[in-house]
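Notes for the one structure printed next.
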Amino acid sequence: MRIRLTGMAVAAGVWLAAQSVAPAQAPLKGGGSRTLAVHRIPIYDATDQKILPAGEEPIMPLSTRTTCGKCHDYEKISSGWHFNAMDETVPPGRAGELWVLVDERTGTQLPLSYRPRPNAWKPADVGVTPWQFTELFARHFPGGGPAGKYGQKVIDPYARWEVSGELEINCFACHNGDPHQDQVMWFQQIGKQNFRWANTAASGLAEVSGNARKLPDMFDIIMDDNPEEPKVVYDKARFNAKGEVFFDLVRRPDANRCYACHSRTNPQTEGHEGKWKADEDIHLTGGMTCADCHRNGLDHMISRGGEGDAALRGHPSMATLTCQGCHLGTDQSQGGPTMGGRLGAPVPAHVGLPTIHLEKLTCTACHAGPWPGRQALREQNSRTHDLETHIKHHGPDVLPFIRSPVFVRQEDGKIGLHQALWPAFWGRLKDGKVTPLAPKAVADAAGKVLAERPGRSAAWTPLKTETIIAVLQALAGDAAAGQPVYVASGKLHALTGEGRLEGREHESAAPCTWPYAHDVRPAAQALGAGPDQAGCRDCHTTDSAFFFGTVAADGPAEVEIPSHEMTEFQKLDSTQMKLFNFTFVFRPYLKLTVFAASALAAAVLLWFGLRALAAVTKWFAGWAPAPTEGKD
Numbered sequence: 030m031r032i033r034l035t036g037m038a039v040a041a042g043v044w045l046a047a048q049s050v051a052p053a054q055a056p057l058k059g060g061g062s063r064t065l066a067v068h069r070i071p072i073y074d075a076t077d078q079k080i081l082p083a084g085e086e087p088i089m090p091l092s093t094r095t096t097c098g099k100c101h102d103y104e105k106i107s108s109g110w111h112f113n114a115m116d117e118t119v120p121p122g123r124a125g126e127l128w129v130l131v132d133e134r135t136g137t138q139l140p141l142s143y144r145p146r147p148n149a150w151k152p153a154d155v156g157v158t159p160w161q162f163t164e165l166f167a168r169h170f171p172g173g174g175p176a177g178k179y180g181q182k183v184i185d186p187y188a189r190w191e192v193s194g195e196l197e198i199n200c201f202a203c204h205n206g207d208p209h210q211d212q213v214m215w216f217q218q219i220g221k222q223n224f225r226w227a228n229t230a231a232s233g234l235a236e237v238s239g240n241a242r243k244l245p246d247m248f249d250i251i252m253d254d255n256p257e258e259p260k261v262v263y264d265k266a267r268f269n270a271k272g273e274v275f276f277d278l279v280r281r282p283d284a285n286r287c288y289a290c291h292s293r294t295n296p297q298t299e300g301h302e303g304k305w306k307a308d309e310d311i312h313l314t315g316g317m318t319c320a321d322c323h324r325n326g327l328d329h330m331i332s333r334g335g336e337g338d339a340a341l342r343g344h345p346s347m348a349t350l351t352c353q354g355c356h357l358g359t360d361q362s363q364g365g366p367t368m369g370g371r372l373g374a375p376v377p378a379h380v381g382l383p384t385i386h387l388e389k390l391t392c393t394a395c396h397a398g399p400w401p402g403r404q405a406l407r408e409q410n411s412r413t414h415d416l417e418t419h420i421k422h423h424g425p426d427v428l429p430f431i432r433s434p435v436f437v438r439q440e441d442g443k444i445g446l447h448q449a450l451w452p453a454f455w456g457r458l459k460d461g462k463v464t465p466l467a468p469k470a471v472a473d474a475a476g477k478v479l480a481e482r483p484g485r486s487a488a489w490t491p492l493k494t495e496t497i498i499a500v501l502q503a504l505a506g507d508a509a510a511g512q513p514v515y516v517a518s519g520k521l522h523a524l525t526g527e528g529r530l531e532g533r534e535h536e537s538a539a540p541c542t543w544p545y546a547h548d549v550r551p552a553a554q555a556l557g558a559g560p561d562q563a564g565c566r567d568c569h570t571t572d573s574a575f576f577f578g579t580v581a582a583d584g585p586a587e588v589e590i591p592s593h594e595m596t597e598f599q600k601l602d603s604t605q606m607k608l609f610n611f612t613f614v615f616r617p618y619l620k621l622t623v624f625a626a627s628a629l630a631a632a633v634l635l636w637f638g639l640r641a642l643a644a645v646t647k648w649f650a651g652w653a654p655a656p657t658e659g660k661d
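Numbers in our numbering are just positions in the sequence shown, counted from 1, shifted up by 29.
Right under this line is the structure:
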């Protein structure tokens, strides 16, 4: 170790004391103006030292906690939806998209969530610490959370926070309007464990070199020297004479910022060249942005568009930021506008549509997502498939396998648009409960059985039956821990007494589903929008995709892959639905019959009415006085 003879060396004591440094001043309170403040500001490092690029290049990167925290309440922001998943005091709210632990070598696609979710596992259940979670998934969350105050409370002997630094909230990921903002650069810095440098590199404010992953565990950023240490070279042209930097910040992020973590594609129909074929959400093509509906205050508790958001937030006006609230209005008696047509939204008349549809279906069931086909296709998302990292293979055979559109009956009783994933993982069955095993533990126990299997590549290879049997045999040594099993494709697979592989039903193998609301199609392209009976036939036929389309229980193994009918997800009886839909074949004739019967009944009524009128007239004529003869 050698001590650097630089200006930053004298800051060693400051650095050691600055891990919990507070902003130099209390956050400012906005005055209510809609004018966005010009952000021409000085920038500070994690020690709250002002960064000036003059002379020798500073060693430290920008810190959003100390820079943005001068005016904005960083701690309050860090309690928002994007950052509070580990906070057990926060109600989980509507089920959202899951993180998926993927390991191609062991055939694992395990859904994870820090929030309680049906058929999903807590990261700790499979030995994933906040440090590991950050390494796996921080590419698609904007800092904080597991990489911030919540995660660093968890003791992990393998964590390297002292070397990597804290992954502070990436304010620029959403609010930087500068085209130099590069989220792919953020992903790359995460991969190098350059956590404290990621914000600076992604902002385009500086060039960051080096790789913290290659530094020793006990590396001291102030006192030690290593060629792999990340180094920052700021763009001097960005600083004015006062040492201030202009940031082109926006209050409401552009949709392109949201797309960095919330894109979706269907590789089976679109592929790499399919973007030009797909239509964007009708709201975006109409000039809106994501933030028009997904709003938030300083607490960053973003409106998520669910009908339960208003109750969750305790604010009735949130109900008008849902599909129904915006277009049709709400029955709220206070808290803002309750009539439909917010933001100029058209108020749909739904002419000819029985109102029961609005009680049984979500708006997105008819108006959003890909048009349903005979089979739900594989879909890929940013968070699960790293769509933004162009160096990776993104063909349709890449784990995890997610299917959509799937029409699922939700907790509120309505049928809505969802995605579905069948978990695949190794575990141990004891007392009827399955405990998942970490992929590394499985690979270590299997040894050579899995050593030759490829990782993520263009030529993905499914697990063969003989491989599954061999791994289960390798895991069978610890009988007290439970029977080794492999869950995949909706079945729990275990060895029989004869050494054969047998699959059976088990609750741990049930699919995970989560709702989504985009892309919204124009009203004319909604399910049921056709004229008269043509619209009804989008759903009400004996082979309609909405009720009778199939969803394959995709998995990473060569086992039986059953297909499930959509009615299973809707908790409907398939036979009854077919009989009900069969009646729509005769409905045109039924209308003719009703019209004919009505005309006949009207004719009969008219006939008897005329006869009755004649009888009444005759009766009155009998009571008329006789005419008297006149006198001459």
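Glycine residues also receive a C-beta, built at the ideal position from the N, C-alpha and C atoms.
Small disclaimer: the values here were computed from a predicted structure and weren't measured.
Item to check | Alpha-carbon to alpha-carbon, Trp-128 and Pro-683 | outcome: Residue numbering for the chain in the displayed model covers 30 to 661; residue 683 lies beyond these limits and cannot be assessed.
Checklist entry - In this structure, does DSSP put Thr-118 in helix, strand or coil? => result coil
Checklist entry - Can you give, in chain order, each stretch of the beta strand (DSSP E) that sits fully within the segment 123-193 and has at least 3 residues? => result 128-132, 137-141
Item to check | Nearest residue (CA-CA) to His-169, options Pro-256, Thr-490, Leu-416 | outcome: Leu-416
Checklist entry - How is the alpha helix (DSSP H) around His-522 delimited, first residue to last? => result Counting along the chain, His-522 falls outside any alpha helix (DSSP H), though it belongs to the beta strand (DSSP E) covering 520-524.
Checklist entry - Can you name the residues that DSSP bridges to Phe-436? => result Leu-446
Next on the checklist: Determine whether the beta carbon atoms of Arg-333 and Gly-122 lie at a separation below 9 Å.
Outcome noted: yes
Next on the checklist: Could you compute how far the alpha carbon of Leu-244 sits from the alpha carbon of Ala-505?
Outcome noted: 39 Å
Checklist entry - Can you list, in chain order, the residues of its chain whose CB lies under 7 Å from that of Ala-394, leaving out five sequence neighbours each side? => result Phe-436, Ile-444, Gly-445, Leu-446
Item to check | CA-to-CA distance, Met-595 to Val-580, given in whole angstroms | outcome: 7 Å
Next on the checklist: So, for Pro-399: in the same chain, excluding its five sequence neighbours on each side, which residues have a beta-carbon less than 6 Å away from its beta-carbon?
Outcome noted: Pro-434
Next on the checklist: Tell me the residue span of the alpha helix (DSSP H) that contains His-396.
Outcome noted: 392-396
Checklist entry - What residue range is occupied by the uninterrupted beta strand (DSSP E) comprising Ile-70? => result 68-70
Checklist entry - What are the partner residues of Cys-319, as DSSP defines its beta bridges? => result DSSP output for Cys-319 lists no bridge partner at all.
Next on the checklist: Please state whether the Cβ-Cβ distance between Asp-198 and Pro-159 is less than 9 Å.
Outcome noted: Contrary to the premise, residue 198 reads as Ile rather than Asp in this sequence. No; because the gap between Cβ atoms is not below 9 Å, this pair is not in contact.
Item to check | Bounding residues of the beta strand (DSSP E) (the contiguous stretch that carries Gln-512) | outcome: 512-517
Checklist entry - Bridge partners of Leu-458, per DSSP? => result Val-463, Gln-512
Next on the checklist: Please classify Trp-652 as buried or exposed, where buried requires at least 16 other C-beta atoms within 10 Å of its C-beta.
Outcome noted: exposed
Next on the checklist: Between which residues of its own chain and Phe-275 is the CB-CB distance below 8 Å, once the five residues before and five after are set aside?
Outcome noted: Val-67, His-68, Arg-69, Arg-267, Asn-269
Next on the checklist: Less than 9 Å between the C-beta atoms of Arg-482 and Arg-134, yes or no?
Outcome noted: yes
Next on the checklist: Bridge partners for Met-368 per DSSP, in chain order?
Outcome noted: Gly-358
Checklist entry - Taking DSSP as the reference, what is the three-state secondary structure of Ile-219? => result helix
Item to check | Span of the alpha helix (DSSP H) around Trp-226 | outcome: 224-232
Checklist entry - If you run the structure through DSSP and keep just helix, strand and coil, what is Ala-643? => result helix
Next on the checklist: Given a cut-off of 9 Å on the beta-carbon distance, is the pair His-312 and Ala-552 in contact?
Outcome noted: no
Item to check | Run of the alpha helix (DSSP H) containing Arg-726, from where it starts to where it stops | outcome: As displayed, the chain neither begins before 30 nor continues past 661, which places residue 726 out of reach and without an answer.
Checklist entry - Mind checking Ala-83: buried by the 16 CB within 10 Å criterion, or exposed? => result exposed
Next on the checklist: I want to know whether the segment 224-239 touches the segment 86-94 - three or more CB-CB distances under 8 Å.
Outcome noted: yes
Next on the checklist: With the cut-off set at 9 Å, would you say Ser-107 and Val-119 are in Cβ contact?
Outcome noted: no
Checklist entry - If you draw a straight line from the C-alpha of Asp-567 to the C-alpha of Asp-310, how long is it? => result 21 Å
Checklist entry - Should Arg-403 be labelled buried (16 or more other beta-carbon atoms within 10 Å of its own) or exposed? => result exposed
Next on the checklist: Judging by CA-CA distance, which residue of Asp-602, Ala-582, Ala-124, Pro-491 is the nearest neighbour of Pro-145?
Outcome noted: Ala-124
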